[in-house]
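In order, the protein sequence lines correspond to chains A and B.
So for the first sequence, my numbering puts the first residue at 37; every next one is plus one.
So for the second sequence, my numbering puts the first residue at 3; every next one is plus one.
Cβ atoms here follow ideal geometry from the backbone N, Cα and C, with glycine treated the same way.
All figures in this text were calculated on a predicted structure; none of them were measured in a lab.
Report on the structure given below.
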Amino acid sequence: MLLADARVLCPQLAVAPSDPAGDLAALEKLALWAQRWGPWSALDPPDGVLVDVTGAAHLFGGEDALLTDVSCSFARQGLTVRAALAPTAGAAWALAHFAPAGTILVPDEDPLPLLADLPVAALRLDEDVLTVLRRLGIKRLGELAGVSGIGDDPQHEAAARDALRRRFRGRHSPAANPLLRLDQLLGKVPEPLLPVLARPQPMVQRRLLEPIRHRNLLDRVVRDLAEDMVRALEARGEGARRLELGLWRVDGEVLVRRIELAAATREADHMIRLFATRLDDVEAGFGIEVIQLRSSWSEPLALSQADLDSAAERHGTSLAACVDRLAVRLGTRAVTRPVARASHIPERAQGWQAPFDPLPPVQGMLPFNVRPLKLFDRPEPIAVLYASPDGYPQRFRWRGAVRDVVRVEGPERIAPEWWRERSTARLRDYYRIEDETGRRYWIYRQGLADDGRGGMPEWFLQGLFA
Amino acid sequence: MHSEIFASCEEASGAALALALARDALALSGEEGTKQGRHVLWVQDRAAIRRGGRPCLQGLPADLRHRLIHVAANTPEDALFALEEGLKCRDLACVIGEIAGNPRALSFAASRRLSLAAERHGIALWLVRLDAAPDLSSARMRWRVRAAVSPRPRWNPAAPGRATWHAELFRARAHPPGKWMLDDADGTLRPVSAADAPDPRDLARPTVGRSLAARARA
Chain A
37 MLLADARVLC PQLAVAPSDP AGDLAALEKL ALWAQRWGPW SALDPPDGVL
87 VDVTGAAHLF GGEDALLTDV SCSFARQGLT VRAALAPTAG AAWALAHFAP
137 AGTILVPDED PLPLLADLPV AALRLDEDVL TVLRRLGIKR LGELAGVSGI
187 GDDPQHEAAA RDALRRRFRG RHSPAANPLL RLDQLLGKVP EPLLPVLARP
237 QPMVQRRLLE PIRHRNLLDR VVRDLAEDMV RALEARGEGA RRLELGLWRV
287 DGEVLVRRIE LAAATREADH MIRLFATRLD DVEAGFGIEV IQLRSSWSEP
337 LALSQADLDS AAERHGTSLA ACVDRLAVRL GTRAVTRPVA RASHIPERAQ
387 GWQAPFDPLP PVQGMLPFNV RPLKLFDRPE PIAVLYASPD GYPQRFRWRG
437 AVRDVVRVEG PERIAPEWWR ERSTARLRDY YRIEDETGRR YWIYRQGLAD
487 DGRGGMPEWF LQGLFA
Chain B
3 MHSEIFASCE EASGAALALA LARDALALSG EEGTKQGRHV LWVQDRAAIR
53 RGGRPCLQGL PADLRHRLIH VAANTPEDAL FALEEGLKCR DLACVIGEIA
103 GNPRALSFAA SRRLSLAAER HGIALWLVRL DAAPDLSSAR MRWRVRAAVS
153 PRPRWNPAAP GRATWHAELF RARAHPPGKW MLDDADGTLR PVSAADAPDP
203 RDLARPTVGR SLAARARA
């Protein structure tokens, strides 16, 4: 049903856009938060979290109390939860999804009576496997458990299990093989889970007894923070790529200043210098009481030996520091390097990227395709006199002056990129020309007179040769 | 160390001569081996980009293509800041700047700052002044350049030839002023002399009045 149809039926419908990435991020946070009940936890997208509480239940006063604590904690956050406790992750998943809330499976009791009534969907199987099982008449776990080797007649069971194994013999993924899932649920086969690990960002902060209102004090605190940050980064063997400075004012306002660095760095002086230009517009108000420096993006950076002799004679900054200083004042988009792109259209054949990003692989350039030294951002329209519409240009007017064309080479024909442009895009014929004073230009004619894609072709000047 | 090149923004001669002089200076100083891998900083202000265009990767000399860092500054003040930061950086081979017109920010004091920074850190600055009047400046060498008619290429005399410029050194501290016709043959800058005439004969004979097909039939 379309949203419009649904709204006709029920006008007071509340609509929220779906955000799968945001949901996953929230689930990840929830999994980390859930580590309060056990040493590690794993994600079960889209809506589940598995926590290993082995040997931890007595800290909460038993397993019942643990589950009560879980449901209370989630309810306090405004979340509805179905919790269950079992010796294996598979059994816990099955109970949480298909059993009454708060079910606990004790390790030494036989799991089958408790699980036998659950549908086979409790095995976390794919849709098509469920269909196969339904067609085989297996709907409950108890019916599948007849082949698990626990029942009364081992002979009969072995035969039934063999038949089922043959039916699913090509399936090695657990989600496609009910026998594998059943064994995981019963704990006969290990089931590795990917735990969620918190990686705390390096963070240092200062709580100030007396709120500061003056710039020189602020600089002093920022210097202390930068030195602390350098120590924190050094301990982890990392360098900062992005730094965020948070300033908490007395009236509750939070000011954030963020800088990005071109290369991982651990130099306090460099950080201070970059922040100094960003702190000019800070309104202290009634004072700043907490200052926090956080490195939200850091990269491994090996410890290096300080060279005592050459440090004194090598003056000047490194290239990364220079790029950082330029980027902080001019913006990150202003400092770039040209890279070749896979295209024949001259303005698309060249892109600009950050100076230290790795170069993408490109095909070599053909040396006979001569390109100008300078290229205009937008080709400038020119008025051209020619002997015949598809012949050489003879004279043209650009920026208010008429220039005679003395020498010409061309055309170099560049067809439009049909996989990217509309079918009415016109081809370009490029000419290298030189006027009577020796100025060398790169001009093109857009389209042909009889290509049926518009009127008479227009002329543009796109570049200047050395 | 600090040189200025005055050129029109309707031709790329200014930037081309700056590149050629920079490469020439690097080659002459014998540091080509050590400075080969170093980056070149190219700073342009917004007016220079709008009127003179940006550098084109495929049109640059092949050894410069992978070590060019381009800075697009909004104002002449930002461009001067970028030039000075570039001069302070020890990992750069040279700094090329392009500033259009005579902005107020580029005063004698500003140019003196640039000269001192360039001399202190030993990095050459080539400042291209597009459509500018030669006002007061502390540049050590000041050039004026315009395009010259190129020599005829051997295989297609009707095509534009390799880059040639009329260069005039009109003020220099350690050199008498002079005028030269320079060309950038195979990446080395050299003066073009009168004896350096093009090929005495055209290797491609014109087919006047008769097409090749008619000639074959005859």
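Outcome for residue i when other beta-carbon atoms lying within 10 angstroms are tallied against a minimum of 16
i	result
A20(B)	buried
L60(A)	exposed
P238(A)	buried
N252(A)	exposed
T90(A)	exposed
S54(A)	exposed
S31(B)	exposed
V165(A)	buried
R202(A)	exposed
E13(B)	buried
T190(B)	exposed
H4(B)	buried
F110(B)	exposed
Distance between residue j and residue i (C-alpha atoms, nearest Å)
i	j	result
G185(A)	H192(A)	Summary for G185(A): the model assigns pLDDT 49, below 50, so the residue's position carries little reliability; its value from the coordinates is reported in the next sentence. Taking the straight line joining both Cα atoms gives about 9 Å.
K37(B)	G124(B)	Only weak support is given to the placement of K37(B): the predicted model assigns it a pLDDT of 49, under 50, and the question is left unresolved by the model.
Q399(A)	A176(B)	46 Å
A75(B)	R361(A)	13 Å
V266(A)	V117(A)	43 Å
D316(A)	A17(B)	36 Å
W284(A)	I248(A)	11 Å
L115(A)	P78(B)	57 Å
R67(B)	R207(A)	53 Å
R293(A)	D305(A)	17 Å
L154(A)	R160(A)	12 Å
R456(A)	W388(A)	20 Å
E86(B)	W182(B)	30 Å
R256(A)	A312(A)	11 Å
A211(A)	A92(A)	30 Å
R143(B)	R114(B)	Looking at the sequence itself, residue 143(B) is Met, so the reference to Arg does not match. Near 13 Å, if we compare the C-alpha coordinates of R114(B) and M143(B).
L45(A)	A52(A)	18 Å
A512(A)	P81(A)	This structure leaves residue 512(A) out entirely; chain A is present only between 37 and 502.
Partners in chain A for residue i, counting only beta-carbon separations shorter than 7 Å
i	result
K181(B)	Chain A residues near K181(B): none, gap ~15 Å exceeds 7 Å.
G88(B)	C358
F83(B)	R365
A187(B)	Chain A residues near A187(B): none, gap ~12 Å exceeds 7 Å.
D93(B)	S354 and L355
Which listed residue (the options) has its alpha carbon closest to that of residue i
i	options	result
L177(A)	R202(A), P143(A) and A135(A)	A135(A)
A169(B)	P193(B), P155(B) and R154(B)	P193(B)
P228(A)	Q220(A), R235(A) and A234(A)	Q220(A)
V130(B)	K90(B), L82(B) and E121(B)	L82(B)
S10(B)	G88(B), D26(B), L108(B) and A102(B)	A102(B)
A268(A)	R294(A), L297(A) and R302(A)	R302(A)
D162(A)	G173(A), N213(A) and V441(A)	N213(A)
C58(B)	D413(A), R449(A), V232(A) and W333(A)	D413(A)
G321(A)	L68(A), A62(A), G288(A) and R272(A)	G288(A)
L337(A)	R277(A), P56(A) and P374(A)	R277(A)
V438(A)	G446(A), P429(A) and E445(A)	P429(A)
Chain B residues whose Cβ lies nearer than 9 Å to that of residue i
i	result
V444(A)	A160, A161 and P162
Closer than 8 Å at the beta carbon, the chain B residues around residue i
i	result
M401(A)	Q60
L484(A)	Per Cβ cutoff of 8 Å: no residues; L484(A) is ~22 Å from chain B at best.
D413(A)	I51, R52, G55 and R56
Chain B contact residues for residue i, given Cβ-Cβ distances below 7 Å
i	result
R407(A)	C58, Q60 and G61
Q386(A)	C58 and L59
G436(A)	Under the 7 Å cutoff, chain B gives no residues; its nearest Cβ is about 10 Å from G436(A).
T372(A)	H72
P391(A)	I71
R361(A)	E87
Proximal chain A residues relative to residue i, where beta-carbon distance stays under 9 Å
i	result
S152(B)	R443, E470, G474 and R476
T166(B)	G474
Neighbouring residues, chain D, relative to residue i (Cβ below 9 Å)
i	result
H41(B)	The chain inventory of the structure shown lacks chain D, comprising the protein chains A and B.
The stretch 92-110 of chain A / the stretch 57-75 of chain A touching (three or more Cβ pairs under 8 Å): Yes: at least three Cβ pairs fall under 8 Å.
At least 3 beta-carbon pairs within less than 8 Å: the stretch 391-411 of chain A vs the stretch 313-331 of chain A: Flag = no, the stretch 391-411 of chain A and the stretch 313-331 of chain A do not touch.
contact_flag[the stretch 149-157 of chain B, the stretch 481-496 of chain A] where n(CB pairs < 8 Å) is 3 or more: Segment contact: the stretch 149-157 of chain B against the stretch 481-496 of chain A, fewer than three CB-CB distances shorter than 8 Å; contact not assigned.
Given 8 Å, three or more beta-carbon pairs between the stretch 470-486 of chain A and the stretch 419-433 of chain A: Short answer: they touch.
The stretch 459-476 of chain A in contact with the stretch 362-372 of chain A per 3-pair CB rule at 8 Å: They do not touch, by the three-pair rule.
The stretch 63-82 of chain B touching the stretch 42-51 of chain B, judged by at least three CB pairs closer than 8 Å: Yes, the stretch 63-82 of chain B is in contact with the stretch 42-51 of chain B.
Given 8 Å, three or more beta-carbon pairs between the stretch 124-143 of chain A and the stretch 167-176 of chain A: Because the criterion of three Cβ pairs below 8 Å is not met, the stretch 124-143 of chain A and the stretch 167-176 of chain A do not touch.
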